[in-house]
Amino acid sequence: MNMKKRHKRTLRSVLYLSVIVICGLFLIFHTGQAQAAAKTVKYNGKTIAKYNKSGQMVLIPSENSSTNYKNLNRLMSGKKKKTVVIPKGSTIKLNGVLKPGNNTTIIAKGATVIGKKNSNVIFAAPDKKLKNLSIIGGTWRSIDKAGRTGSLFAFSYVTNLVMDGVDCNANYRGHAIEIIACNNVTIKNCIVSAIGSNPAKCLEEQIQIDLATKKTAPKIAEFGSKYVKGQTCKNVYILNNTVTGARAVGVNWTDSENGKWRNKFHENIVIKGNTLTGTTSEALAYFNTVGGEISDNTIVTNATRTDGNSSYTIGIHVAIFGNAPESMASSKLLISGNTVYGKRNGIHFKAYFNSSETKCLSKLGYVTVSGNTIYCKNGTKKAIVQVKKSCQELLQTNNTLYIWK
Numbered sequence: 490m491n492m493k494k495r496h497k498r499t500l501r502s503v504l505y506l507s508v509i510v511i512c513g514l515f516l517i518f519h520t521g522q523a524q525a526a527a528k529t530v531k532y533n534g535k536t537i538a539k540y541n542k543s544g545q546m547v548l549i550p551s552e553n554s555s556t557n558y559k560n561l562n563r564l565m566s567g568k569k570k571k572t573v574v575i576p577k578g579s580t581i582k583l584n585g586v587l588k589p590g591n592n593t594t595i596i597a598k599g600a601t602v603i604g605k606k607n608s609n610v611i612f613a614a615p616d617k618k619l620k621n622l623s624i625i626g627g628t629w630r631s632i633d634k635a636g637r638t639g640s641l642f643a644f645s646y647v648t649n650l651v652m653d654g655v656d657c658n659a660n661y662r663g664h665a666i667e668i669i670a671c672n673n674v675t676i677k678n679c680i681v682s683a684i685g686s687n688p689a690k691c692l693e694e695q696i697q698i699d700l701a702t703k704k705t706a707p708k709i710a711e712f713g714s715k716y717v718k719g720q721t722c723k724n725v726y727i728l729n730n731t732v733t734g735a736r737a738v739g740v741n742w743t744d745s746e747n748g749k750w751r752n753k754f755h756e757n758i759v760i761k762g763n764t765l766t767g768t769t770s771e772a773l774a775y776f777n778t779v780g781g782e783i784s785d786n787t788i789v790t791n792a793t794r795t796d797g798n799s800s801y802t803i804g805i806h807v808a809i810f811g812n813a814p815e816s817m818a819s820s821k822l823l824i825s826g827n828t829v830y831g832k833r834n835g836i837h838f839k840a841y842f843n844s845s846e847t848k849c850l851s852k853l854g855y856v857t858v859s860g861n862t863i864y865c866k867n868g869t870k871k872a873i874v875q876v877k878k879s880c881q882e883l884l885q886t887n888n889t890l891y892i893w894k
């Protein structure tokens, strides 16, 4: 009798342990499936990306441009912090504009991204007021053979924007990168070049730093008049890039709408460590800006105009065209360590005068021009020019001047 009881107890124990094992295996199987699912991103029932060991979403490229466009926008959407990787060695064609959400990093090192015809490749809308966007590496192109004649990258109302190691271009009449009403922008280690036709009097810049008005930003105006009230840029850093265009870099103003926005000024624009080449206009146009720095660049203007607009042949053209804010009077602009090639002038300063050009209504602040090597086709006396005491104070030290032959 005791033997039977012991046998029953043993049988119950075995059954109990078997149930535990089976349940454990079932749980492990489903947990494994859940983990496997967590390593992929699905959209419309299809896997569009896989997570790598760093938790980044790696796009699965498609030969279909519509699929790539939709899937990338899906991965970039939302406000959560995320990194999207476009795989090295891939060529991604898009059938629409990429519109990232907040806190997005796009890594495209070794990849090529080709945008839709007559279209931006990335567009940041003003009503989104995007924050924290980084674009790292990649070759970015328009499908247009002569390059994009609008803006390849168009950013408006973005705070904390970084472009690092990007290779991009546009037509001479377009912009590779357009920055409108943005704060805290860094463009560094990029190759930015113009292709296609270059009209003899073209003034367009490959990197454009602009204010928001109906004329300067017609696409932004479509979102409503409140977005085109002359909003300007602040804390923009252009660092260690190679840029070629009709103008290489332009910090812009406008006299549109009867001069309504002449008194709008950017703040703290830093141009440092770049190689800038202008083909038919200034390599660097630096307008309506309070404070900043232009240093350690090689700046070459190859423009040859001889008409009344010979100012477009200047190497570094610094000017203000309106009544500056009070902060301009105490502002500091450092221009140092540059190698500059210009025709009419190497470096030129001019402040806004009245209509008869007799009175300076606003002056630049404290300007230091130091340690530059300047080549000027118009002679050494024209290498550094200040028009009618346009600066509150202009300090020139240790500059080396040559005739550019």
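Counted the way my numbering counts, the sequence shown spans residues 490 to 894. Quick reminder that beta carbons are idealized off the backbone N, C-alpha and C, glycines included.
Between the options, which has its C-alpha nearest residue i's C-alpha?
i, options, result
"Val574", "Gly639, Lys582 and Ser543", "Ser543"
"Thr793", "Asn649, Trp893 and Ser623", "Trp893"
"Gly797", "Leu728, Lys690 and Ile624", "Lys690"
"Ile836", "Lys821, Leu850 and Ala772", "Ala772"
"Arg751", "Leu700, Pro707 and Ser770", "Leu700"
"Lys912", "Val547, Gly590 and Thr556", "Residue coverage of the chain in this structure runs from 490 to 894, which leaves residue 912 outside it and unanswerable."
"Lys703", "Gly748, Asn763, Tyr801 and Tyr532", "Gly748"
"Leu561", "Lys852, Ile669 and Gly604", "Gly604"
"Val874", "Ile803, Gly626, Thr580 and Asn658", "Ile803"
"Leu774", "Tyr726, Lys761, Thr572 and Val738", "One detail in the question is off: residue 774 reads as Ala in this sequence, not Leu. The candidate whose alpha carbon is nearest that of Ala774 is Val738."
"Ala895", "Cys657, Val610 and Thr601", "In the structure as shown, the chain begins at 490 and stops at 894. Residue 895 is therefore absent and cannot be evaluated."
"Gly582", "Gly762, Ser631, Ile696 and Leu890", "Here residue 582 turns out to be Lys, not Gly, going by the sequence shown. Out of Gly762, Ser631, Ile696 and Leu890, Ser631 has the C-alpha closest to the C-alpha of Lys582."
"Leu884", "Leu823, Ile709, Thr847 and Asn834", "Leu823"
"Val856", "Thr764, Cys880 and Ser686", "Cys880"
"Ile698", "Thr675, Ser686 and Lys528", "Thr675"
"Val586", "Ser825, Thr764, Lys848 and Ala613", "Ala613"
"Ala872", "Glu746, Phe838 and Asp744", "Phe838"
"Val779", "Phe810, Thr705 and Tyr801", "Phe810"
Pull up the distance between the alpha-carbon of residue i and that of residue j, whole angstroms please.
i, j, result
"Lys878", "Gly854", "11 angstroms"
"Asn777", "Asn741", "7 angstroms"
"Lys535", "His806", "54 angstroms"
"Ser784", "Glu882", "19 angstroms"
"Ser820", "Glu667", "26 angstroms"
"Thr886", "Asn867", "21 angstroms"
"Arg736", "Thr769", "7 angstroms"
"Gly781", "Asp653", "21 angstroms"
"Ile537", "Ala665", "29 angstroms"
"Thr580", "Lys618", "30 angstroms"
"Val876", "Val789", "22 angstroms"
"Val530", "Lys539", "6 angstroms"
"Gly513", "Lys528", "The predicted model places Gly513 with a pLDDT of 48, which falls under 50 and marks its position as unreliable; any figure quoted below should be read in that light. Approximately 22 angstroms between the Cα atoms of the pair."
"Leu850", "Ala808", "13 angstroms"
Assuming residue i and residue j form a contact by the criterion Cβ under 8 angstroms, report the distance between their Cβ atoms to the nearest whole angstrom.
i, j, result
"Tyr646", "Pro615", "4 angstroms"
"Pro550", "Asn541", "The pair is not a contact, with the Cβ atoms about 15 angstroms apart (cut-off 8 angstroms)."
"Asn591", "Asn553", "With a Cβ gap of about 28 angstroms, Asn591 and Asn553 do not count as contacting."
"Cys671", "Leu641", "Contact doesn't hold; Cβ gap of about 16 angstroms is too wide."
"Gly767", "Asn791", "7 angstroms"
"Leu728", "Gly762", "6 angstroms"
"Lys593", "Lys559", "The sequence given here places Thr at residue 593; Lys does not occur at that position. 16 angstroms between Cβ atoms; not a contact."
"Asn584", "Ser555", "4 angstroms"
"Gly626", "Ile596", "6 angstroms"
When the Cβ atoms of the region 797–815 are set against those of the region 718–734, are three or more pairs found closer than 8 angstroms?
-> no
Sequence ranges, beta strand (DSSP E) only - wholly within the region 561–596, length at least 3 | 571–574, 580–582 and 593–596
Per the contact definition of three or more C-beta pairs closer than 8 angstroms, is the region 712–719 in contact with the region 676–685?
-> no
Please determine if the region 862–869 and the region 815–835 are in contact, where contact requires at least 3 C-beta pairs separated by less than 8 angstroms.
-> In this structure the region 862–869 touches the region 815–835; the number of beta carbon pairs closer than 8 angstroms is three or more.
Segment contact, 8 angstroms Cβ cut-off, at least three pairs: the region 708–717 with the region 755–764 | no
Fully enclosed by the region 737–785, which beta strand (DSSP E) runs are 3 residues long or longer?
-> Within the region 737–785, the complete beta strand (DSSP E) runs of at least 3 residues are 755–761, 764–767, 773–776 and 778–784.
Secondary structure, beta strand (DSSP E): runs of 3+ residues fully inside the region 771–858 | As far as the region 771–858 is concerned, its whole beta strand (DSSP E) runs of at least 3 residues are 773–776, 778–784, 787–790, 805–808, 821–825, 828–831 and 836–839.
Can you list, in chain order, the stretches of the alpha helix (DSSP H) that have 4 or more residues and sit fully within the region 671–721?
-> Segments of the alpha helix (DSSP H) lying fully in the region 671–721: 707–710.
Let me know the beta strand (DSSP E) ranges lying completely inside the region 637–676, each 3 residues or longer, listed in chain order.
-> Secondary structure remark: continuous beta strand (DSSP E) runs of at least 3 residues inside the region 637–676, in chain order: 640–645, 648–653, 656–660 and 664–669.
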